[in-house]
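Our numbering puts the first residue of the sequence shown at 3, with every later residue one more than the last.
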Amino acid sequence: MTLPRPRRQPAPLGDTDPFTPTPQRPVRVRARDMAADSHFEPHRHAWGQLAYCASGVIQVSVHAPGPPASYIVPPSRAVWIAPGALHAVAVLEAAAFRTLYVDRSAVADDGAGARVLAVSPLLRELVSALDPVGGPPPAPAREAALTALVLDEIAQAETLALGVPLPGPHSDKRLRALCQAVLDAPGRHATLHGWAADSGASERTLARLFRAQFGMGFAQWRKQAVLAHALPRLARGEPVGQVAAASGYGSESAFSAMFKAAMGQPPSSFLGR
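Here is the structure:
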């Protein structure tokens with residue numbers, strides 16, 4: 003996804019050894035404060051990972067295995083990344099970034115793909131307890147108890163139909179161009195008919211390409227793109243009406259209804275977060 007501001011130099015991944023999970027300590031928390039526009043280049047870990055930020059907004063792009071996808075992650079959401087998955091992280095708004103590394107032995111059978119999870123208040127507090135800022139680490143027995151609860155909360159977390167699937171490098175070039183154009187400015191056209199006029203392909207052809215590539219129609223895909231476009235703008239404090247207009251919605255109420263149905267909260271709750 004094209005970001006609205008110039009990118010800084012990639013942030014170093016740093017030494018992961020102190021945070022490497024083991025069967026004896028299957029969950030390790032790594033806390034980093036990340037400036038806006040900083041990012042981690044594509045990389046892999048041998049363990050599973052839950053990408054979450056206590057504040058701010060991050061973008062997680064998962065490239066392989068499976069089809070590429072991009073996820074916008076506000077504080078109420080997290081992205082699960084399977085062991086060995088190639089992924090990159092970009093900070094859209096200054097973030098208190100929390101990474102949970104999960105040993106492969108503790109990854110459930112359904113943990114082989116990327117997905118967005120709702121972060122419960124309990125999970126948020128458990129992460130804080132495992133990595134107390136400025137305080138001593140928990141004693142071994144307490145760490146084991148907290149870890150068991152973290153794994154249970156992740157297993158019980160609601161999976162959300164969020165994230166923007168992206169066409170692969172060998173996909174139809176008209177589809178790739180159209181997807182990028184929508185991600186850059188989703189408010190330019192509200193319908194596939196409008197976008198088709200700029201793409202060099204018929205509406206019927208584009209509809210077929212969307213179904214074949216993503217297994218969903220353009221309207222559903224565009225809704226995900228709109229959310230990805232809107233969340234960072236809301237986090238920067240832009241008025242809801244302004245974000246709705248930039249997203250191609252004729253009224254603030256229609257945008258708010260769509261947003262709340264997808265995110266479980268009105269857009270006003272994300273302002274300045």
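Using N, Cα and C, we set each Cβ at its ideal position, and we do this for glycine too.
Note that the coordinates shown come from a computational prediction; the quantities given were computed from them, not determined experimentally.
Can you tell me whether residue i is buried or exposed, with buried defined as 16 or more other CB within 10 angstroms of its CB?
{"i": "residue 215", "result": "buried"}
{"i": "residue 253", "result": "exposed"}
{"i": "residue 51", "result": "buried"}
{"i": "residue 101", "result": "buried"}
{"i": "residue 9", "result": "Note that residue 9 scores 47 on pLDDT, short of 50, meaning its location in the model is unreliable; the coordinates nonetheless yield the value given after this. So residue 9 ends up on the exposed side."}
{"i": "residue 143", "result": "exposed"}
{"i": "residue 259", "result": "exposed"}
{"i": "residue 44", "result": "exposed"}
{"i": "residue 175", "result": "exposed"}
{"i": "residue 272", "result": "buried"}
{"i": "residue 199", "result": "exposed"}
{"i": "residue 193", "result": "exposed"}
{"i": "residue 41", "result": "buried"}
{"i": "residue 208", "result": "buried"}
{"i": "residue 7", "result": "Legend: pLDDT at residue 7 = 43, less than 50; position of this residue unreliable, no value from coordinates given."}
{"i": "residue 177", "result": "buried"}
Does the Cβ-Cβ distance between residue i and residue j come in under 8 Å?
{"i": "residue 62", "j": "residue 75", "result": "yes"}
{"i": "residue 28", "j": "residue 133", "result": "no"}
{"i": "residue 162", "j": "residue 79", "result": "yes"}
{"i": "residue 57", "j": "residue 84", "result": "no"}
{"i": "residue 166", "j": "residue 248", "result": "no"}
{"i": "residue 66", "j": "residue 87", "result": "yes"}
{"i": "residue 95", "j": "residue 234", "result": "yes"}
{"i": "residue 263", "j": "residue 229", "result": "no"}
{"i": "residue 130", "j": "residue 159", "result": "no"}
{"i": "residue 170", "j": "residue 269", "result": "no"}
{"i": "residue 205", "j": "residue 195", "result": "yes"}
{"i": "residue 212", "j": "residue 202", "result": "no"}
{"i": "residue 164", "j": "residue 118", "result": "yes"}
{"i": "residue 59", "j": "residue 237", "result": "yes"}
Quick check on this structure: which residue in the options has the alpha carbon closest to the alpha carbon of residue i?
{"i": "residue 82", "options": "103, 69 and 176", "result": "103"}
{"i": "residue 156", "options": "171, 197 and 128", "result": "128"}
{"i": "residue 31", "options": "180, 96, 272 and 140", "result": "140"}
{"i": "residue 250", "options": "138, 199 and 188", "result": "188"}
{"i": "residue 225", "options": "46, 256 and 244", "result": "256"}
{"i": "residue 221", "options": "238, 181 and 202", "result": "181"}
{"i": "residue 146", "options": "208, 70 and 23", "result": "23"}
{"i": "residue 46", "options": "219, 18, 72 and 178", "result": "18"}
{"i": "residue 73", "options": "125, 110 and 231", "result": "231"}
{"i": "residue 109", "options": "25, 185, 77 and 210", "result": "25"}
Tell me, please, which residues DSSP counts as bridged to residue i.
{"i": "residue 36", "result": "97"}
{"i": "residue 55", "result": "99"}
{"i": "residue 199", "result": "Note: residue 199 sits in no beta bridge, so no partner."}
{"i": "residue 251", "result": "In the DSSP output, where bridge partners are listed per residue, residue 251 has none listed."}
{"i": "residue 2", "result": "Any property of residue 2 remains undetermined from this structure, which presents the chain solely from 3 to 275."}
{"i": "residue 156", "result": "In the DSSP output, where bridge partners are listed per residue, residue 156 has none listed."}
{"i": "residue 167", "result": "71"}
{"i": "residue 61", "result": "74 and 92"}
{"i": "residue 161", "result": "119"}
{"i": "residue 79", "result": "120"}
{"i": "residue 30", "result": "103"}
{"i": "residue 50", "result": "104"}
{"i": "residue 42", "result": "91"}
Would you say the beta carbon of residue i is closer than 7 Å to some non-hydrogen atom of the ligand GDP?
{"i": "residue 262", "result": "Questions concerning the ligand GDP fall outside what the structure shown contains, since it holds no ligand whatsoever."}
Problem set entry | contact_flag[the region 90 to 101, the region 27 to 45] where n(CB pairs < 8 Å) is 3 or more | yes
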